[in-house]
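Under numbering that gives the first Met the number 0, the first residue of the sequence shown is numbered 0, with each subsequent residue one higher. Below is one structure, written out as structure tokens, with a few remarks after it.
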Amino acid sequence: MIHINTQDQIPFEHFEKASRDTLKYLNKKFGYGTWMMTRKHEDQWVILQVEGSKYGIDELTTLTWSDSMCSRMVQGEGPRWAPDVDSVPAYVNAPIYQAENIKSYIGIPVCYSDGNLFGTLCAIDTEPVDRIPPDGLETIELVSKLLSTLLQLELQNIDLSRKQMSFLPSQLKDHETGFLNRLGWSLYLEKEESNIRSVGTPVHVVAIDVSQSNQSTHLKDTAMTTLFVSILNGVLHDDGYIARLGEDIYTMLCANKTEEQMAVMVERLAKELSEAQIPVAIGFKKHDYGDNLDATVIAAIKSVRQSLT
């Protein structure tokens, strides 16, 4: 039975909401001009959620991780709570210190379940503070660990969703290949847009033009189609999903890959298709956090079409 006096304690529906409410709570309790939940990917530092407008930082802004105070904090070069940044040489020497007026700083690691770094929960202000409250650092460290726990559940749910392609209704799939059709692709792009806002999923889009294959190897033949599908599924595995957007155009959404991993994957894809005597043109585009995914898809398709001219 649901009681009216329990409504305010209903669990958060997703990580993004938990993060936003946490930032509001910390801002109210400890002050500071801006609180942020961030994600590190390679040398990108993505600002996911923001509370406080003192610095005018927009969500999904991408900065350089190695320029940040947080990058020095996780290496142990400076404290997690620096009430007076000017007294910490490692922070004063950080490029972001030169670019912004940062006089006090808080930064706590947010981790994956294996201990690797996801990002940071951090706060900055234009003024130094007098002192750290007696329970201040312990409180924020506990809150950060709780958010890390919620984050793992969110990431697991996202991974599970990507692995459920075979269970989708036929209305969302191309009947010849089993890949997503235009409708299915559109629905899953919406889900990925939400994932990007919530947890900063890094994404690449690959476009494959098989028009030459249709002319030279009869890709429409059952055996060749089966081989083509097997190669694409084998290369991508469970790190995204594939769609057929037209007679000759296929797209792959690839999540959580580095630039080096993407280059290796595209090279492998081209090699295996070539060995199977399926000539194709391939292009790919890294998704910029400030864009929408549709724009990234269009850019990937344009890149592959330009390679054919």
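C-beta: ideal position from N, C-alpha, C; glycine also. Given the structure is predicted, the values throughout are model-derived calculations rather than measurements.
DSSP places T5 in the helix class (H, G or I) of the three-state scheme.
The DSSP-derived three-state label of T221 is helix. Listed as beta-bridge partners of I207 by DSSP are Y249 and I281.
For V204, the closest of S185, F29 and V296 by C-alpha to C-alpha distance is V296. Per DSSP, E50 is one residue of the beta strand (DSSP E) stretching across Q43 to E50. DSSP, read as helix, strand or coil, puts S70 in helix.
Among the bridge pairs identified by DSSP, K16 is matched with none. Nearest Cα to T200 within the set E191, A206, D208 and I207: E191. According to DSSP, residue pairing for S103 in a beta bridge involves D124. A check of alpha carbon separations from T224 across E259, Y240, Q155 and F178 identifies F178 as the nearest. The beta carbon of W80 lies closer than 6 Å to those of I105, I131 and L136 in the same chain, with the five residues before and after it left out. Classified as buried, D208 has 16 or more neighbouring CB atoms from the shown chains inside 10 Å of its CB. Rounded to the nearest whole angstrom, the CA to CA distance from S70 to N115 is 13 Å. In the structure shown, I300 falls within a helical segment according to DSSP collapsed to helix, strand and coil.
Judged by DSSP in its simplified three-state form, R267 adopts helix. Around the beta carbon of A242, a 10 Å sphere encloses 16 or more other beta carbons of the protein chains shown; the residue is thus reported as buried.
Judged by DSSP in its simplified three-state form, F29 adopts helix. Annotation: I139 to L25 spans about 8 Å, alpha carbon to alpha carbon. Judged by DSSP secondary structure, Y240 falls within the beta strand (DSSP E) whose first and last residues are G239 to R243. Inter-residue distance for N180 and Q163 is about 15 Å (C-alpha atoms, whole angstroms). Between the segment 7-17 and the segment 81-99, the count of Cβ pairs shorter than 8 Å is below three; the stretches do not touch. Here F117 carries a strand assignment [DSSP, helix/strand/coil].
In this structure, the beta-carbon distance from E41 to E258 falls below 8 Å.
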